[in-house]
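So the mapping is simple: the numbering used here equals the position in the sequence shown, first residue as 1, plus 28.
The beta carbon of each residue, even a glycine, is placed where N, CA and C say it ideally should be.
Note that the coordinates shown come from a computational prediction; the quantities given were computed from them, not determined experimentally.
Notes to accompany the following structure.
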Amino acid sequence: MGDAATDAALPPRRIIVAGDARDTFDALVARVATVHGNPNAGPFDGVLVAGRIFPGTEAAQAMQPYIDGAKTVPVPTYFVDADGAEGLEYAHSRAAATAQRGDGSSGSSYTGIEIAPNVFMLDKSMVYDLFGGVKVAAVAGRYDALSYEDASALGKSCAKTNGEVTEDDVREMKECFDEMKKRDVIDILLCRDWPAGTLEVHGREIGREAKSASSTGSPVARAVALALSPRYHFAGSHPFFFEREPYINAKSDPSSSPWVTRFINLAGCANEDSEKWMHALKIEPGSTIDRALLCKIPPDSGPNPYLVQAGAKRRADELQPDWRDDAAKKPKPPPQRPVVGDPDKTVFVRNLNYKADEGAIAEFFGECGELLDVRLATKPENGQSRGFCHVAFKTVEGAQAALERNNASFFGRDIAVEMANERKERQPRAPPQGCWFCLSNEKDLHLVASISGECFMSMDKGGLTAEHCQLIPVEHLPSFVSLPQSAAEEIWKYLQALRMYAETKQQKVVVFERHLELRNKGGNHCHMNCIPVDDDRAALAEKIFKQAAKKLDFAWTKIDPPASAAEAQAAIKAIADEGEYYAVHLPCGSILIQTINKGEKHWMQLGREVISHLIKAPERANWQTCMQDEDAETARTAAFTEAFAAFDPMKQ
Ligand SMILES: [Zn+2]
Numbered sequence: 029m030g031d032a033a034t035d036a037a038l039p040p041r042r043i044i045v046a047g048d049a050r051d052t053f054d055a056l057v058a059r060v061a062t063v064h065g066n067p068n069a070g071p072f073d074g075v076l077v078a079g080r081i082f083p084g085t086e087a088a089q090a091m092q093p094y095i096d097g098a099k100t101v102p103v104p105t106y107f108v109d110a111d112g113a114e115g116l117e118y119a120h121s122r123a124a125a126t127a128q129r130g131d132g133s134s135g136s137s138y139t140g141i142e143i144a145p146n147v148f149m150l151d152k153s154m155v156y157d158l159f160g161g162v163k164v165a166a167v168a169g170r171y172d173a174l175s176y177e178d179a180s181a182l183g184k185s186c187a188k189t190n191g192e193v194t195e196d197d198v199r200e201m202k203e204c205f206d207e208m209k210k211r212d213v214i215d216i217l218l219c220r221d222w223p224a225g226t227l228e229v230h231g232r233e234i235g236r237e238a239k240s241a242s243s244t245g246s247p248v249a250r251a252v253a254l255a256l257s258p259r260y261h262f263a264g265s266h267p268f269f270f271e272r273e274p275y276i277n278a279k280s281d282p283s284s285s286p287w288v289t290r291f292i293n294l295a296g297c298a299n300e301d302s303e304k305w306m307h308a309l310k311i312e313p314g315s316t317i318d319r320a321l322l323c324k325i326p327p328d329s330g331p332n333p334y335l336v337q338a339g340a341k342r343r344a345d346e347l348q349p350d351w352r353d354d355a356a357k358k359p360k361p362p363p364q365r366p367v368v369g370d371p372d373k374t375v376f377v378r379n380l381n382y383k384a385d386e387g388a389i390a391e392f393f394g395e396c397g398e399l400l401d402v403r404l405a406t407k408p409e410n411g412q413s414r415g416f417c418h419v420a421f422k423t424v425e426g427a428q429a430a431l432e433r434n435n436a437s438f439f440g441r442d443i444a445v446e447m448a449n450e451r452k453e454r455q456p457r458a459p460p461q462g463c464w465f466c467l468s469n470e471k472d473l474h475l476v477a478s479i480s481g482e483c484f485m486s487m488d489k490g491g492l493t494a495e496h497c498q499l500i501p502v503e504h505l506p507s508f509v510s511l512p513q514s515a516a517e518e519i520w521k522y523l524q525a526l527r528m529y530a531e532t533k534q535q536k537v538v539v540f541e542r543h544l545e546l547r548n549k550g551g552n553h554c555h556m557n558c559i560p561v562d563d564d565r566a567a568l569a570e571k572i573f574k575q576a577a578k579k580l581d582f583a584w585t586k587i588d589p590p591a592s593a594a595e596a597q598a599a600i601k602a603i604a605d606e607g608e609y610y611a612v613h614l615p616c617g618s619i620l621i622q623t624i625n626k627g628e629k630h631w632m633q634l635g636r637e638v639i640s641h642l643i644k645a646p647e648r649a650n651w652q653t654c655m656q657d658e659d660a661e662t663a664r665t666a667a668f669t670e671a672f673a674a675f676d677p678m679k680q
């Protein structure tokens, strides 16, 4: 080994780092060509893609034009994820076709598998020397919670075939790093996955998406970042741009000074949300850079988040809120003020035209007598009229005159007028206002896919998948166990229908129900989350839920497949009684059940997070990431309703 101190300083390199480009490689190449040719920005030495550049199943189709020369890539472009077993197989076929040493080569001159001219897959977790002196540590593949937890030899070989990372990747990376010269510095750590625990400590105000990404991130990326102290760390697994405040690394030896790592997640290439997906870097290779420059600590730097003691408990406020929780919706609307006046002198008016505002209502009813107050009910989210109001008069006579306007036409609609106090007596069990699942509150009715007498099926808002739906009783009851048998049977019927529908798509349905006695909005309204999952992954459902339980220090009780809804209710009740519980209905029909004792800490998003890993989309654990606008939600509901029609019990 030569003495590194005598190495001449290398000139700065210009590199573009981009987010995942699975279906957008052409767009990436076009954009790179533009900036590369722009004298104010370029030229660039190369591109690093923190993810994929082709879909695994259509890799050949996507890449052939580049191999043939019909399309060209302007600068060397490297990526780290082949998109599963098929994509990886394709990459290896390219290595074989061009007689490359696709396997076994790990020499310092190795720069990955050449897929096409100027396109390389960094297929090994190792440190590469790229762009003339830039040290790029690449974690090859992707994090899959199941593969990672399964440390058996069979599991490892399976993970390798699928391009999924394991502890082996951490070990290989460390070995490679240990072989480097003492003075060498990792300039860039390139991963597909967001590292776990990035935000264990942080100094900035951060969004919930980032918190979620940090809590569900990859332990491999985390371990490598901790071991290698890279200057930059890029990921591309989440669909938004995020730049963490720099953190100060531990000193590699007592005599040296530390430097900082900057972590950045880039959104998907050419995304439609205008999220930043390209980052231009001008970087002087760290191994020869002036040490004082390397070790300059920016003023906003913080401590290393990965040094927080392993196993530190997640704080309650780090947990994701549910999309129904008020805290998740900000700004919080002010509560609607109560109407001023005497109930004996106040009328309740409904079937109002939505265009009728308080002014128009006051004018109309002002003809009946002197008014004290008018209060129109409005939607807290947008202030729109909900079609009913209270009108308070100074005198009983005024209210009596108003009653005569029952069925009168107002803004083109026949309005209903009744005494406010009478109304209260007539509706002793009004459903709690604000409950998302009570149909009477008319929230997101466009997501409803089917309604029977006592229950209905609704698409999940921010679903894990396009067909993630919920089975919900019409009546506001807290759990599946508490339903009258007739309602439970209807839900059961829907569930069986959904399972048959899934069969036709080589899928199986995984169901989870969380019964928590929420204090607000009249308590929990039962909703069974149903997610159709591809057969091969559905087969792992029991295993991954058991792994999750182990992490949380509990063990599920398993109930054999019940023959009917009543049997399922009885079996769950025998374990949970009237109390809170989590239930997972496995594809085989068995039910995993765990009771939650009063005051016990629980994982609000257990089902959602576990299933996000099961479907290999941990970024979808956070419902906010999955939110769509109303048009897209309506379209999703329509697509499901049509596909499910042949199985819908209400259409038979
Ligand atoms: Zn309800």
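Length of the line joining the Cα atoms of residue i and residue j
i           : j           : result
residue 235 : residue 331 : 20 Å
residue 318 : residue 151 : 32 Å
residue 613 : residue 272 : 39 Å
residue 123 : residue 215 : 27 Å
residue 145 : residue 665 : 44 Å
residue 684 : residue 589 : Because residue 684 is not part of the residues shown, which for the chain are 29 to 680, the question remains open.
residue 473 : residue 488 : 11 Å
residue 307 : residue 329 : 20 Å
residue 148 : residue 52  : 16 Å
residue 11  : residue 324 : Past the edges of the chain, shown from 29 to 680, lies residue 11, and the structure says nothing about it.
residue 340 : residue 382 : Confidence is the limiting factor: at residue 340 the pLDDT is only 40, short of 50, which leaves the residue's position unreliable, though a coordinate-based value still follows. Each residue's alpha carbon lies about 52 Å from the other.
residue 454 : residue 493 : Any answer about residue 454 is weak, because its pLDDT of 38 lies below 50 and its placement is not dependable; what the coordinates show is given next. Rounded to the nearest angstrom, the two C-alpha atoms are 42 Å apart.
residue 254 : residue 678 : 56 Å
residue 94  : residue 231 : 45 Å
residue 269 : residue 304 : 5 Å
residue 78  : residue 47  : 5 Å
residue 335 : residue 625 : 33 Å
residue 107 : residue 154 : 13 Å
residue 669 : residue 277 : 53 Å
residue 353 : residue 545 : Any answer about residue 353 is weak, because its pLDDT of 46 lies below 50 and its placement is not dependable; what the coordinates show is given next. Their Cα atoms are separated by approximately 13 Å.
residue 421 : residue 551 : 35 Å
N- and C-terminal bounds of the alpha helix (DSSP H) containing residue i
i           : result
residue 522 : 513-531
residue 401 : Looking at the DSSP string, residue 401 is not in any alpha helix (DSSP H); the run it does join, the beta strand (DSSP E), is 399-406.
residue 382 : Note, residue 382: premise wrong, no alpha helix (DSSP H); not H, not E.
residue 376 : That residue, residue 376, is in no alpha helix (DSSP H); its beta strand (DSSP E) goes 374-378.
Segment limits, beta strand (DSSP E) that includes residue i
i           : result
residue 413 : 413-421
residue 157 : 154-158
residue 498 : 497-501
residue 310 : 306-311
residue 560 : 556-562
residue 483 : 483-487
residue 478 : 476-479
CB contact flag (residue i, residue j, <9 Å)
i           : j           : result
residue 49  : residue 297 : yes
residue 257 : residue 286 : yes
residue 176 : residue 156 : no
residue 192 : residue 170 : yes
residue 386 : residue 402 : yes
residue 159 : residue 81  : no
residue 173 : residue 641 : yes
residue 374 : residue 436 : no
residue 162 : residue 217 : no
residue 448 : residue 376 : yes
In DSSP terms, what residue i is bridged to
i           : result
residue 149 : 107 and 141
residue 197 : According to DSSP, residue 197 bridges with nothing at all.
residue 293 : 263 and 270
residue 610 : 542 and 622
residue 585 : 621
residue 331 : 276
residue 41  : 311
residue 684 : The structure shown does not extend to residue 684, since the chain spans only 29 to 680, so no value can be given for it.
residue 444 : 378
residue 16  : Look at the range of the chain in this structure, 29 to 680, and you will see that residue 16 is not part of it.
residue 46  : 77 and 306
residue 170 : 192
residue 424 : Answer is none; residue 424 lacks a bridge partner.
Cβ-heavy atom distance, residue i to ligand 3, below 8 Å
i           : result
residue 460 : Ligands present in the displayed structure are limited to ligand 1, and ligand 3 is not among them.
Any chance you could list the beta strand (DSSP E) runs of at least 3 consecutive residues sitting entirely within the region 219-278, in chain order? 260-263
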